[in-house]
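Novice: Below: one structure in structure tokens.
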Ligand code: EZ4
Ligand code: CO
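Residue numbers (this note's numbering): 434 to 850.
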């Protein structure tokens, strides 16, 4: 009996040597930073490094401080390179550092998959589900318009929809698109100034969900993003007022730098809570998870140190019955969407995946193999994470400075956007 033991043709240290790493900045409708790591074998990997409104800070961190450390190293030492970039920087954590580390990490996992001839979900431990439940964004200037949008997504096969609507007296509420355009918050070179009104919002949000249940019934999963606008006790009131409409989750009900603030919300409500799109490390949510103050963790691969770190975070969350609900707005590139979907396909404690669609120009720059069917996104079996970049096309879209808006109260005092 003969045993097939021929080594993989790309498995040698020589083949895996990193010979080049390029930072690619492109703006096909919005800015994206992508890291491309090339090995001696010719096999390359891609990692997303986009930090909305602070893109060039990550590009410079990579270009000036990370790329020189990559050349000549073994692309197969994913864990060691992660530790080197995290511990070795001395200055730990923070969105810029962790996004840069994530870009390297995801590119290396992509290379590993291509060398093994396997899709990323297989390397992580294989399929746990056929597809990842996703939620779309419905928004409207008023409740009726938002409800129409929810109906439109249901017709398109979505099983879960996030809903936001305009607030009477608030000129530009979070999540509401310019008519005829998809929602895109980073619209101007310097931050747009918006004015916020908490009492009007607290009146409006429960009315929106009352109407959505009346119009669309109970089968659809409904989600809502407060986007850090409330104090803990206001958040507790909203979570309680929304209970009759059985939300899938209430997101970012209050800023979470002070993790214990969520204890107050929990004391008053059984509305499930999601948090963490702005986190970048397990340390940002350790208390939230350990004390079971949240139900879904939103920190995703690009802003949380890559697959190597988010895998640890997800395992820690799983111990406390907290499930994943990855951030997936348009400022996370298709490279992150591809990597996140492989993760979602594997991770045992998967909850849901956010899915805001990228425009055609973006999708053309990033050829990908994931596809939407019947409420879920499905990854393909392309080795690695299945997302590529058309560099010639990317070069046609130069960087365009854009920042996120800010919010103030009516008296002019700064608030959380
Ligand atoms: O405002 O991704 O849940 N999604 C969100 C997004 C964020 C943007 C910030 O870059 O809150 O719309
Ligand atoms: Co959000």
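Don't be surprised by glycine CBs; every beta carbon is placed ideally from N, CA and C. Every value quoted in this text rests on a predicted model; they were computed, and no experiment measured them.
1. Where does the unbroken beta strand (DSSP E) through residue 595 begin, and where does it stop?
2. Answer yes or no: do residue 741 and residue 718 have a C-beta to C-beta separation smaller than 9 Å?
3. Return the Cβ separation of residue 778 and residue 560 in integer angstroms, given the expectation that the two are a contact with Cβ distance under 8 Å.
4. Decide if residue 847 is buried, meaning its Cβ has at least 16 other Cβ atoms within 10 Å, or exposed.
5. Go to residue 629, then tell me how far its beta strand (DSSP E) extends in each direction, as first and last residue.
6. Taking the beta strand (DSSP E) that residue 586 falls in, what are its first and last residues?
7. Confirm the yes/no value for this check: CB of residue 662, any heavy atom of the ligand CO, distance under 8 Å.
8. Can you say whether residue 710 is buried or exposed, counting buried as having 16 or more other CB atoms within 10 angstroms of its CB?
9. Rounding to the nearest angstrom, what Cα-Cα distance links residue 508 and residue 596 in this structure?
10. So, are the CB atoms of residue 554 and residue 776 less than 9 Å apart?
11. If you run the structure through DSSP and keep just helix, strand and coil, what is residue 787?
12. For residue 785, which of 620, 686, 461 and 566 has the nearest alpha-carbon?
13. So the alpha helix (DSSP H) residue 472 belongs to, where does it begin and stop?
14. Candidates 796, 601 and 492: which alpha carbon is nearest residue 636's?
15. Just confirm the distance between the C-beta atoms of residue 598 and residue 656, as a whole number of angstroms; I'd bet it's less than 8 Å.
16. Using 8 Å for Cβ pairs, my map puts residue 644 next to residue 580. What's the rounded Cβ distance?
17. Measure the alpha-carbon distance for residue 515 versus residue 647 and round it to whole angstroms.
18. Tell me the start and end of each unbroken beta strand (DSSP E) in the segment 648 to 685 that is at least 3 residues and wholly inside, in chain order.
19. Going by CA-CA distance only, name the one from 473, 480, 826 and 844 that's closest to residue 461.
20. DSSP state of residue 538, grouped into three classes?
21. Going by DSSP, what residue range makes up the alpha helix (DSSP H) through residue 748?
22. In terms of residue numbering, what span does the alpha helix (DSSP H) encompassing residue 771 cover?
23. Can you list, in chain order, the residues of its chain whose CB lies under 7 Å from that of residue 819, leaving out five sequence neighbours each side?
24. Please determine, among 654, 513 and 668, the residue with the shortest C-alpha to C-alpha distance to residue 660.
25. By a C-beta neighbour count over all protein chains shown, 10 Å radius and 16 as the cutoff for buried, is residue 716 buried or exposed?
26. Can you tell me which of 617, 603, 651 and 649 puts its alpha carbon nearest to the alpha carbon of residue 628?
27. Am I right that residue 480 and residue 468 are in contact with their C-beta atoms under 8 Å? What's the rounded C-beta distance?
28. Can you tell me the Cα-Cα spacing of residue 572 and residue 658, whole angstroms?
29. Have a look at residue 695 and residue 707 and give me their C-alpha separation to the nearest angstrom.
30. Taking 8 Å as the cut-off, is the beta-carbon of residue 762 closer than that to any non-hydrogen atom of the ligand CO?
31. Measuring straight from C-alpha to C-alpha, what distance separates residue 687 and residue 624?
Specialist: Walking through what the data contain:
1. In the chain shown, counting from the first residue as 1, residue 595 sits at position 162. Per DSSP, residue 595 is one residue of the beta strand (DSSP E) stretching across 593 to 598.
2. In the chain shown, the residue the question calls residue 741 occupies position 308. In the chain shown, the residue the question calls residue 718 occupies position 285. No. Outside cutoff.
3. Sequence index remark: in the chain shown, residue 778 carries index 345 (1-based). Sequence index remark: in the chain shown, residue 560 carries index 127 (1-based). That pair is a contact at about 6 Å.
4. The count along the chain shown starts at 1 and reaches residue 847 at position 414. Label assigned to residue 847: exposed.
5. Taking the chain shown and counting its residues from 1, the one referred to as residue 629 is at position 196. Here the beta strand (DSSP E) through residue 629 covers 626 to 629.
6. Here the question's residue 586 lines up with position 153 in the chain shown. Unbroken run through residue 586 is the alpha helix (DSSP H), 576 to 588; no beta strand (DSSP E).
7. Taking the first residue of the chain shown as position 1, residue 662 is located at position 229. No, the ligand CO has no heavy atom inside 8 Å of this Cβ.
8. Residue numbering aside, residue 710 sits at position 277 when the chain shown is read from its first letter. So residue 710 counts as buried.
9. Translated into the one-based positions of the chain shown, residue 508 becomes position 75. Translated into the one-based positions of the chain shown, residue 596 becomes position 163. Those two C-alpha atoms are separated by around 42 Å.
10. Translated into positions along the chain shown, residue 554 becomes position 121. Translated into positions along the chain shown, residue 776 becomes position 343. The answer is yes: Cβ separation under 9 Å.
11. Residue mapping note: residue 787 aligns to position 354 of the chain shown, counting from 1. Of the three classes helix, strand and coil, the one that applies to residue 787 here is strand, per DSSP.
12. Taking the first residue of the chain shown as 1, we reach residue 785 at position 352. Ranked by Cα distance from residue 785, the first of 620, 686, 461 and 566 is 566.
13. Within the chain shown, the letter at position 39 stands for residue 472. Premise fails: residue 472 lies in the beta strand (DSSP E), 465 to 472, not in any alpha helix (DSSP H).
14. The sequence position of residue 636 within the chain shown is 203, counting from 1. When only C-alpha atoms are compared, the closest one is 601.
15. Counting from one through the chain shown, the residue named residue 598 turns up at place 165. Counting from one through the chain shown, the residue named residue 656 turns up at place 223. Not a contact, Cβ separation roughly 13 Å.
16. Taking the first residue of the chain shown as position 1, residue 644 is located at position 211. Taking the first residue of the chain shown as position 1, residue 580 is located at position 147. So it is a contact: roughly 6 Å between Cβ atoms.
17. As a first step, residue 515 must be located in the chain shown, where it is residue number 82. As a first step, residue 647 must be located in the chain shown, where it is residue number 214. Their backbone Cα atoms lie some 50 Å apart in a straight line.
18. 654 to 658 and 682 to 684
19. As a first step, residue 461 is located in the chain shown; it is residue number 28 there, counting from the start. The candidate whose alpha carbon is nearest that of residue 461 is 826.
20. Counting from 1 along the chain shown, the entry for residue 538 is found at position 105. Helix, per DSSP.
21. What you label residue 748 is simply residue 315 of the chain shown in a count that begins at 1. Segment 739 to 752, the alpha helix (DSSP H) holding residue 748.
22. If you number the chain shown from 1, residue 771 lands on position 338. 767 to 779 is the extent of the alpha helix (DSSP H) around residue 771.
23. Counted from its first residue, the chain shown places residue 819 at position 386. The answer, listed in chain order, is 552, 771, 801, 802, 803, 812 and 813.
24. Mapped onto the chain shown, residue 660 falls at position 227. Of the candidates 654, 513 and 668, the one whose C-alpha sits nearest the C-alpha of residue 660 is 668.
25. Translated into the one-based positions of the chain shown, residue 716 becomes position 283. With fewer than 16 Cβ atoms within 10 Å of its Cβ, residue 716 is classed as exposed.
26. Here residue 628 refers to the residue found at position 195 of the chain shown. Closest option to residue 628, Cα to Cα, is 603.
27. Counting from one through the chain shown, the residue named residue 480 turns up at place 47. Counting from one through the chain shown, the residue named residue 468 turns up at place 35. Residue 480 to residue 468, Cβ: 5 Å. Contact.
28. One-based indexing of the chain shown puts residue 572 at position 139. One-based indexing of the chain shown puts residue 658 at position 225. Straight-line Cα distance between these residues: approximately 11 Å.
29. As a first step, residue 695 must be located in the chain shown, where it is residue number 262. As a first step, residue 707 must be located in the chain shown, where it is residue number 274. Their backbone Cα atoms lie some 11 Å apart in a straight line.
30. Counting from 1 along the chain shown, the entry for residue 762 is found at position 329. Because some heavy atom of the ligand CO lies under 8 Å away, the Cβ of residue 762 counts as near it: yes.
31. Walking along the chain shown from the start, residue 687 turns up at place 254. Walking along the chain shown from the start, residue 624 turns up at place 191. Taking the straight line joining both Cα atoms gives about 21 Å.
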